[in-house]
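Engineer: For the sequence shown, the residue numbers in my numbering are 31 to 319.
Handing you a structure now.
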Amino acid sequence: MLKWRIIWTRQQSAMQMRKTIMTKKNKDKHKQYTLVYSTKDYGWFKKTKGNRPSTDSHYKKIKNSIVEKDLKMVLYVNADGTIREGHNTFDVRKDLGLPIYYIINDDMQAEDVPRLNSSRDNWSYPNTVNFYAVRGRKPYLTIQEKMQQYNMPIQETVGLLKGVTTISSEMAEDFKWGKLTISDEELQTFDTIADSMRKLYDIRYTGEKLRRGFIRTIFVAYKKANFSVERAKTVIKNNGAKLDGCRSTEDYVNTLSKIYDSGLEKSKRINLARFYENKSYEETTQSTH
């Protein structure tokens, strides 16, 4: 027992010595930046409007971590108590009756919340849309409205509104920072194509959520000058069962190309599969048919 006490004492002395040396050595290099406060005055804090909703799994993960070992992680708040970072940590500590540790930083505003969270797995496209929509940003309100109107996935809604099948990194950045714009012309073109998509899909899958592959296929078909929505309606009514096994965009393109061109004279065929394979649609101006 005495041996272990001596070893422990020596270890503590060595640690203290290293700490003293580091303190003296770096005395002029390290300055205090801010203060960390603590309180159980939970009512003083306010949530940032539009922050992503907490999930049960994320809440439990934080709770289990704190119960196992409380590292006293801090929240970042404005001087009025508005939480900018650490909403879930606040909820867990409040429910456990623990003090809230926080740093006041008025440089951090609501618009910085997506900046903090965009690189995290649980900050998604819907989180971003909701964040800006509750602040009245018209393009993001439009995205919400059109997603609901046509029962369409969010990324395809954004892409189709901007007239692309794939969202570029530049467009994704604009979307993330609330800078996305939607012109009247883009909205009009979107409604024309999305309305046709919805009607075509409802022939076989009434009311179901539009699949990404189907959306992209019809979007590409619309870039073919001789594509006819009425012809597409007819072939889907007669041969729509062939679409049931489609999963990818390639599946939908190949299947629609076959059933659409079947029985047509060569001049009226759209050869959609080749058009898609050669990526000719990327160089073609969108038609509204």
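Cβ coordinates follow ideal geometry from the N, Cα and C atoms, glycine included.
For V159, count neighbouring C-beta atoms within 10 Å of its own C-beta (all shown protein chains included) and say buried if the count is 16 or more, exposed if not.
Structural biologist: Counting Cβ neighbours within 10 Å, V159 comes out buried, since at least 16 surround it.
Engineer: Name the residue from E98, S84, F249, I130 whose alpha carbon lies nearest to the alpha carbon of D320.
Structural biologist: Residue 320 lies beyond the range of the chain shown here (31 to 319); nothing can be said about it.
Engineer: So what does Y106 bridge to, in DSSP terms?
Structural biologist: Paired residue(s): E115, I133.
Engineer: Thinking C-alpha only, which one of T195, T211, E186, K272 is nearest L171?
Structural biologist: Out of T195, T211, E186, K272, T211 has the C-alpha closest to the C-alpha of L171.
Engineer: Out of I173, K267, A202, which one is the CA nearest neighbour of K229?
Structural biologist: If we check each option's Cα against that of K229, K267 comes out closest.
Engineer: With DSSP collapsed to three states, give me the class of K59.
Structural biologist: Residue state, collapsed to three classes: coil.
Engineer: What number of angstroms, rounded off, separates the C-alpha of V283 from the C-alpha of T264?
Structural biologist: Taking the straight line from one Cα to the other gives about 17 Å.
Engineer: Suppose the cutoff is 7 Å on Cβ atoms and the five residues either side in sequence are ignored; what does the same chain contact list for D151 look like?
Structural biologist: Caution applies to D151, whose pLDDT of 49 falls short of 50 and renders its modelled position unreliable; the model cannot decide the point.
Engineer: Here's the rule: buried if 16 or more other CB atoms are within 10 angstroms of the residue's CB, otherwise exposed. What is I300?
Structural biologist: By the neighbour-count rule (16 or more Cβ atoms within 10 Å), I300 is buried.
Engineer: Taking DSSP's pairing of strands, which residues face K309 in a bridge?
Structural biologist: Paired residue(s): none; K309 is not in a bridge.
Engineer: Quick check on DSSP: helix, strand or coil for S336?
Structural biologist: With the chain covering only 31 through 319, there is no way to say anything about residue 336.
Engineer: From V107 to I134, what distance separates their C-alpha atoms?
Structural biologist: Cα-Cα distance, rounded: 5 Å.
Engineer: By Cβ distance, which residues of its chain are closer than 7 Å to Y155, with the 5 residues on each side in sequence left out?
Structural biologist: These residues qualify, in order along the chain: I184, Q185.
Engineer: Looking only at its own chain, which residues have a Cβ that is under 6 Å from the Cβ of K93, when we skip the five neighbours before and after it?
Structural biologist: Answer for K93: V122, listed in chain order.
Engineer: Apart from the five residues on each side of it in sequence, which residues of its chain come closer than 6 Å, Cβ to Cβ, to K124?
Structural biologist: Hits under 6 Å: Y72.
Engineer: Between which two residues does the alpha helix (DSSP H) containing Y231 stretch?
Structural biologist: Note, Y231: alpha helix (DSSP H), 214 to 234.
Engineer: Would you mind reading off the limits of the beta strand (DSSP E) that contains T264?
Structural biologist: Here T264 belongs to no beta strand (DSSP E); instead the alpha helix (DSSP H) covers 259 to 269.
Engineer: So is P169 buried or exposed if we call it buried at 16+ other beta carbons inside 10 Å?
Structural biologist: Result: buried.
Engineer: Select from S310, E216, Q179, E238 the residue whose C-alpha is nearest the C-alpha of L190.
Structural biologist: For the residues S310, E216, Q179, E238, the minimum Cα distance to L190 belongs to E216.
Engineer: Just to confirm before moving on: does the CB-CB distance between G116 and W74 stay below 8 Å?
Structural biologist: No; because the gap between Cβ atoms is not below 8 Å, this pair is not in contact.
Engineer: Which same chain residues, not among the five before or five after R246, have their C-beta less than 6 Å away from its C-beta?
Structural biologist: The answer, listed in chain order, is T195, T279.
Engineer: Identify whether Y72 lies in helix, strand or coil by the three-state DSSP scheme.
Structural biologist: Residue state, collapsed to three classes: helix.
Engineer: Taking just the CA atoms, how far does A255 sit from D221?
Structural biologist: Approximately 18 Å between the Cα atoms of the pair.
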